[in-house]
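The structure appears below as structure tokens.
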Amino acid sequence: MRRWPQTLSRLDLLWRAWETLRWDGALGMSNWWVHHVDPHLSVLLDPVTGPFARCAQGHRMDVPLPIEPVPDGVFDHLTRPPAKAPFAFEGPGRQVPRRGLSSGRRRRGRTP
């Protein structure tokens with residue numbers, strides 16, 4: 642990919658947009674296709690001005706790249722949203738404050 646930095650950048654952006662929008666059950670995928678994939682692929686695959694315009698003959702590797710199996714659990718963190726609240730930090734030892742209560746305060750009249 643050293644020859645095509647624009648391609649690498651656009652594919653990385655598409656992946657990041659996908660990771661964000663796939664959790665939007667209403668319009669996320671439509672937004673991704675219409676506002677991200679279609680414009681980027683139009684630029685990348687343009688036969689005159691795109692980054693691959695001069696690659697008509699294609700590219701072949703002398704030796705295929707090795708394929709190694711991915712260990713179990715490597716992608717588990719990508720199969721669910723990172724937090725209950727999308728803009729909250731829920732790291733080790735921290736919790737998102739509950740609505741109506743600031744962290745560290747208790748309601749009057751209640752015991753722990």
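Counting in my numbering, the sequence shown runs from 642 upward without gaps.
No residue lacks a Cβ here, since even glycine has one placed at the ideal position from N, Cα and C.
Taking C-beta separations shorter than 7 Å and ignoring five residues to either side along the sequence, the partners of GLY669 in its chain run LEU662 and ARG663, following chain order. Three or more Cβ pairs closer than 8 Å define a contact, and the stretch 645-652 meets that threshold against the stretch 678-686. In this structure, TRP659 is the residue among PRO707, TRP659 and LEU719 with its C-alpha nearest to the C-alpha of HIS677.
The criterion of a C-beta distance shorter than 8 Å is satisfied by TRP645 and PRO692.
Going by beta carbons, ALA694 and ASP687 fall inside the 8 Å limit.
The C-alpha of VAL715 lies about 19 Å from the C-alpha of PRO707.
For GLY666, there is no enclosing alpha helix (DSSP H), as DSSP gives it neither H nor E.
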